[in-house]
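Oh and the sequence shown: position 166 is 166 in the numbering used here, straight run, nothing missing.
Scroll down for the structure; my scribbles are underneath it.
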Amino acid sequence: VWNVLRRLGALLYWEPMFRSRCESVGDRLYLERIPEALGHTTIRIGDDVRDHGKVGIYSGRVFDNPRLIIGNRGSIANQCSFSVNQEIIIEDDVLIAARCTFADNDGHPLDALARAAGQPAPPEKVRPIRICRYAWIGAGSYILKGVIIGEGSVVGANSVVTSSVPPYTVVAGNPAAVIKQLASGEPSAQVSSSLRK
């Protein structure tokens, strides 16, 4: 009964409310809870995106039009957060495990006096993030400013990614380092089919 009531709440309240906050949302959005979207981030979401818990979307004071773009068939687990000052792009078929953080900025300036004065991070310290298609971000990972996670790559749990990851590569650690290379190329038809379910 509780699950039925939660699903009805999502269909009748959470999803319409969140859609009204977004610039565009595709078909078959699935929410287990309404995301917390604070600030002026422009949000665009593709088809068949699944949000499996509490997700936070926060924008800062550096640029006028920060953007969060989530492609088709994405899956975002519980307690993930996106700190968007310029741009974060999540391409198609990306899996994001629980408690992951994406931040295209440092949050605060390194200069102690500027930080004490409550100033935002300077514009030159804000750099976009891109997670390319078929990537998998392991639980508890941090993806920091300027990082591109290549197509089909895997980020191990609790990793801190400070530099870009080549396609079809496994990285892990703090800071994340290359663990192994994966077979490159298009996923098999069977894998592609399972990603779309």
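Yeah, the Cβ is synthetic: ideal placement off N, Cα and C, and Gly gets one too.
These figures come from a predicted structure and were not determined experimentally.
query, result
"With DSSP run on the structure shown, which of helix, strand or coil describes TYR13?", "helix"
"Give the C-beta separation of ILE129 and ILE179 to the nearest angstrom, bearing in mind that I take them to be a contact with Cβ-Cβ under 8 Å.", "Incorrect: roughly 21 Å between the Cβ atoms, too far for contact."
"Please report the residue range of the alpha helix (DSSP H) in which LEU113 lies.", "112 to 116"
"Straight-line CA distance for PHE63 to GLN86?", "6 Å"
"Note down the Cα distance separating ASP48 from ASN174, rounded to an integer number of angstroms.", "32 Å"
"When we look at the beta-carbon of ALA112 and count the other beta-carbons within 10 Å, is it buried (16 or more) or exposed?", "exposed"
"Around the Cβ of ASP27, are there at least 16 other Cβ atoms within 10 angstroms (buried) or fewer (exposed)?", "exposed"
"So what does DSSP say about GLU91, is it helix, strand or coil?", "coil"
"Quick check: the segment 89 to 106 against the segment 28 to 38, are there 3 or more CB pairs under 8 Å?", "no"
"Which term fits ASN65, buried or exposed, when burial requires 16 or more other beta carbons within 10 angstroms of its beta carbon?", "exposed"
"Give every residue of the same chain whose Cβ lies closer than 6 Å to the Cβ of ALA189, excluding the five residues on either side of it in the sequence, and list them in chain order.", "Note that ALA189 has pLDDT 43, beneath the 50 cutoff, so the model's placement of it is unreliable and the number below is only indicative. Result list for ALA189: empty, nothing under 6 Å."
"Put PHE63 into one of helix, strand or coil per three-state DSSP.", "coil"
"Give me the Cβ distance between PRO167 and GLY146, rounded to the nearest whole Å; I'm assuming they're in contact under 8 Å.", "Their Cβ separation, rounded to whole angstroms, is 17 Å, which puts PRO167 and GLY146 out of contact at 8 Å."
"What does the Cβ neighbour count give for GLY39, buried or exposed, with the cut at 16 atoms within 10 Å?", "exposed"
"Quick one: residues in its chain with C-beta nearer than 6 Å to the C-beta of ARG44, no 5 flanking neighbours on either side, listed in chain order?", "GLU23, SER24, ILE69"
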